[in-house]
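Peer 1: First residue of the sequence shown? That's 2 in the working numbering, and the numbers climb one at a time after it. Don't be surprised by glycine CBs; every beta carbon is placed ideally from N, CA and C.
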Amino acid sequence: MTHPRATGWSDHVSCFCSACRPKSAISRRELLCTSAASAIAASTAIIGTTHAQQPMPGAVPGRPLLIKDGCVLSLDRAIGDFERADVLIEHGKIAAVRPNIADADAEVIDAARMIVAPGFVDTHRHMWQGILRNVLPDGSLDDYIATVQKTFGANYAPDDVYAGDYFSALGAIDSGVTCILDWSHIHNTPAHTDAAIKALMDSGVRAVFAYGNAQTTDGRWWEAKGSKYPDDIARLRKQYFSSEDQLVTLYMAAPSGASEQILPSFKAARDVGARITIHVGVGERGRAALLEKLNAANALKSDTTYIHCCTLNDTEWKLIRDTGGTISIAGYVETLMGHGSPPIQKAIDIGIRPSLSVDVETSVPNDFFAQMRTVFSLQKKDVWDRRLAGDKNLPKFLTVREVLEFATIEGARANGLDRKIGTLTPGKDADIILLRTDRLNVMPMNNAVGAVVTSMGPQNVDTVLIAGKVMKRNGQLVGVDFGHLARLGDEARDRLYASANVKNTRI
Ligand SMILES: [Zn+2]
């Protein structure tokens, strides 16, 4: 299998760096301060200019990168935010964040009229479904299990897993998600596993590969003939994940079911030093006090992320908090498919800051802007509802800054990577996004965090760096052959529909 991301850099399409900016264009500071000037900047910025051939930043190995004159949201409270500042990157890591950095050797990325922020971190996405996007927009959780898992999943070939993971990874990067946990329960054979890991590594995304069970036509994954779950995790640790200091790292995705089925996965994970992720508190199935049972077996530790948590009881919530676990809320899918109400306030009340996740692209948009807005609006709705009902002891409303923290640093924590990513802090890896403020959905810019959380979308994601490597520039993924990509997706989709014996009407 070859992947469509070529090794060379694509050409510039347009640029607003100081050298290329039209003479009539004005600085971001002027844009912020002068409403009349904003209108002028709007026309010039949107039209833009076409560059002559210019090397893509980062094309020279070892040369520092300097992100210049952006509105910097470090999300590191010790560093703070800057209306205008620079970020210096050396050897893939953030070397400095402050105004007016001078480095004559550095290659400059002009961030005027852009917000510079940590990349978003998704803590739970079933990436093998990347070729099944939008297949189930109206479906419930039961519909999802019947269609996506038992019909399609049971018939996946390793090449289909590769294509799904690859599409999902590129889509994540394109929308500003720089780190993603692949909740991968498509391991019908070890060849499926190898394909998923290869796709993640080929894509260039920072990923956590969470190794999960097989899919079968009857849901009895433990009877799948070709599956080596969970014991094959020992091979994966040795073959692919011998170091933690690499872009793709290893988790165990523990199955849903009774505690006796789950405990062997927990043990296999801990035997190889892999952290764990597990769905809990999902609809009626989630009311079985599972965490109390796992706790009775001393299985709950700080190495575990609990997904959804919508219908957990109070004792289970306390167990998560007291054992130091992290949680992942997939607010959009939870409201859509009947998991239960996203437990945003519940988590905050008990003292746990949630991370966020997309979950399934079969039903959910793949970007984090939608996730942030979902939890922001739902928490406010709940508080307003309580007030209307006469509740006098109301919690605080969430702020946009808290939601942006959920989407970045809390995600990094749940993915076991907060020492490396999640904030723009010197010493951390340079996983950085540049978001355009010269677009009609946010201009003129008045409140940077507000713009990101309430108004932006993937169309604002201009530039994406992962470990200092430029993955997206001028709104285009770097080095991706879209013709090849389209063929890869179409062929995998058509092959899968044929093997699953499903007619695809496309409408
Ligand atoms: Zn899920």
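Any heavy atom of ligand 1 within a distance shorter than 7 Å of the CB on Ile-308?
Peer 2: It does: the Cβ of Ile-308 is within 7 Å (strictly closer) of some heavy atom of ligand 1.
Peer 1: In three-state DSSP terms, what is Ser-36?
Peer 2: Unreliable positioning characterises Ser-36 in this predicted model, as indicated by a pLDDT of 32, which lies under 50. A coordinate reading is not provided.
Peer 1: Is Asp-166 close to ligand 1? I mean its beta-carbon at under 7 Å from any heavy atom of the ligand.
Peer 2: No - ligand 1 has no heavy atom lying nearer than 7 Å to the Cβ of Asp-166.
Peer 1: Under the criterion of a Cβ to heavy atom distance below 7 Å, does His-127 qualify as lining ligand 1?
Peer 2: Yes, since a heavy atom of ligand 1 falls inside the 7 Å radius drawn around the Cβ of His-127.
Peer 1: Do you know offhand how far Gly-352's Cα is from Arg-322's?
Peer 2: For Gly-352 and Arg-322, the distance between alpha carbons rounds to 7 Å.
Peer 1: Check whether the Cβ of His-280 sits closer than 7 Å to any heavy atom of ligand 1, and report yes or no.
Peer 2: At least one heavy atom of ligand 1 is nearer than 7 Å to the Cβ of His-280, so yes.
Peer 1: Do the CB positions of Phe-407 and Leu-337 come within less than 8 Å of each other?
Peer 2: No, the Cβ-Cβ distance between Phe-407 and Leu-337 is not below 8 Å.
Peer 1: Which residues share a DSSP beta bridge with Gln-477?
Peer 2: Note: Gln-477 sits in a beta bridge opposite Arg-474.
Peer 1: Over the uninterrupted beta strand (DSSP E) stretch that includes Val-209, give me the two end residues.
Peer 2: Here the beta strand (DSSP E) through Val-209 covers 207-212.
Peer 1: Quick one: what's got a C-beta closer than 6 Å to Leu-489's C-beta in the same chain, skipping five residues either side?
Peer 2: If we look at Leu-489 and ignore the five residues flanking it on each side, its Cβ neighbours are Ala-164.
Peer 1: Under three-state DSSP, which class holds Phe-83?
Peer 2: DSSP places Phe-83 in strand when its eight states are reduced to three.
Peer 1: By DSSP, does Ser-260 sit in helix, in strand, or in coil?
Peer 2: Here Ser-260 sits in helix by DSSP.
Peer 1: Quick one: grab the DSSP three-state call for Met-444.
Peer 2: It is coil, neither helix nor strand.
Peer 1: Which value, in whole angstroms, describes the spacing of the CA atoms of Arg-420 and Lys-504?
Peer 2: The alpha-carbon atoms of Arg-420 and Lys-504 are separated by roughly 47 Å.
Peer 1: Counting beta carbon pairs with one atom in the region 158-174 and one in the region 101-108, are three or more of them shorter than 8 Å?
Peer 2: Taking 8 Å as the limit for Cβ pairs, the verdict is that the region 158-174 does not touch the region 101-108.
Peer 1: Which full runs of the beta strand (DSSP E) of 3+ residues lie inside the region 96-166, going along the chain?
Peer 2: Fully enclosed beta strand (DSSP E) runs of 3 or longer: 108-111, 115-119, 121-126.
Peer 1: Going by DSSP, what residue range makes up the alpha helix (DSSP H) through Ile-321?
Peer 2: Ile-321 -> alpha helix (DSSP H) spans 315-324.
Peer 1: Out of curiosity, what's the CA-to-CA distance linking Asn-461 and Thr-438?
Peer 2: Roughly 7 Å between the two C-alpha positions.
Peer 1: When you compare only the Cα positions, how much space is there between Val-450 and Val-384?
Peer 2: Roughly 22 Å between the two C-alpha positions.
Peer 1: Any heavy atom of ligand 1 closer than 7 Å to the beta-carbon of Asp-360?
Peer 2: Yes, ligand 1 has a heavy atom inside 7 Å of this Cβ.
Peer 1: Ligand 1 and Trp-318: does any heavy atom of the ligand fall closer than 7 Å to the residue's C-beta?
Peer 2: No; taking the cut-off as 7 Å, the Cβ of Trp-318 has no heavy atom of ligand 1 nearer than that.
Peer 1: What did DSSP end up calling Lys-268 once you bin it into helix, strand or coil?
Peer 2: If DSSP states are grouped into helix, strand and coil, Lys-268 belongs with the helices.
Peer 1: Looking at C-beta atoms only, is the number of pairs between the region 131-141 and the region 467-486 that lie closer than 8 Å three or more?
Peer 2: They do not touch, by the three-pair rule.
Peer 1: Are Val-443 and Val-404 closer than 8 Å when you measure CB to CB?
Peer 2: Cβ distance not < 8 Å, so Val-443 and Val-404 don't count as in contact.
Peer 1: Whose CA, out of Thr-217, Ser-176, Tyr-241, lies closest to the CA of Asn-367?
Peer 2: Comparing Cα-Cα distances from Asn-367 to each of Thr-217, Ser-176, Tyr-241, the minimum goes to Ser-176.
Peer 1: Run through DSSP, which three-state label would Ile-48 get?
Peer 2: Since pLDDT at Ile-48 reaches only 29, below the 50 mark, its modelled position is unreliable, and the value read off the structure follows with that caveat. It is helical.
Peer 1: If you draw a straight line from the C-alpha of Gly-428 to the C-alpha of Gln-380, how long is it?
Peer 2: Rounded to whole angstroms, Gly-428 to Gln-380 spans 34 Å at the Cα level.
Peer 1: Identify, in the order they occur along the chain, each residue of the same chain with its Cβ nearer than 6 Å to the Cβ of Arg-236, setting aside the five sequence neighbours on each side.
Peer 2: Nothing meets the Cβ criterion.
Peer 1: Can you tell me whether Trp-222 sits near ligand 1, meaning its C-beta is under 7 Å from at least one heavy atom of the ligand?
Peer 2: Answer for Trp-222: no, Cβ out of range of ligand 1.
Peer 1: Using only the alpha-carbon positions, how far apart do Ser-36 and Pro-445 sit?
Peer 2: Because Ser-36 sits at a pLDDT of 32, beneath the cut-off of 50, its placement in the model cannot be relied upon, and the following sentence gives the value as read from the coordinates. If you take the alpha carbons of Ser-36 and Pro-445, they lie about 7 Å apart.
Peer 1: Whose CA, out of Gly-423, Pro-62, Val-73, Phe-83, lies closest to the CA of Glu-91?
Peer 2: If we check each option's Cα against that of Glu-91, Pro-62 comes out closest.
Peer 1: Between Thr-324 and the rest of its own chain, which residues show a CB-CB distance below 7 Å, the 5 nearest in sequence each way excluded?
Peer 2: Once the five neighbours on either side are set aside, the close Cβ partners of Thr-324 are Leu-301, Lys-302, Ser-303.
Peer 1: Rounded to the nearest angstrom, what separates Trp-223 and Ala-255 at their Cα positions?
Peer 2: Approximately 12 Å between the Cα atoms of the pair.
Peer 1: Can we count Trp-385 as close to ligand 1, meaning its CB is less than 7 Å from some heavy atom?
Peer 2: Not so, every heavy atom of ligand 1 lies at least 7 Å from the Cβ.
Peer 1: For Asn-416 and Asn-101, what's the separation of their Cα atoms in angstroms?
Peer 2: Rounded to the nearest angstrom, the two C-alpha atoms are 33 Å apart.
Peer 1: Can you tell me whether Thr-506 is buried or exposed, with buried defined as 16 or more other CB within 10 angstroms of its CB?
Peer 2: Exposed: under 16 other Cβ atoms inside 10 Å.
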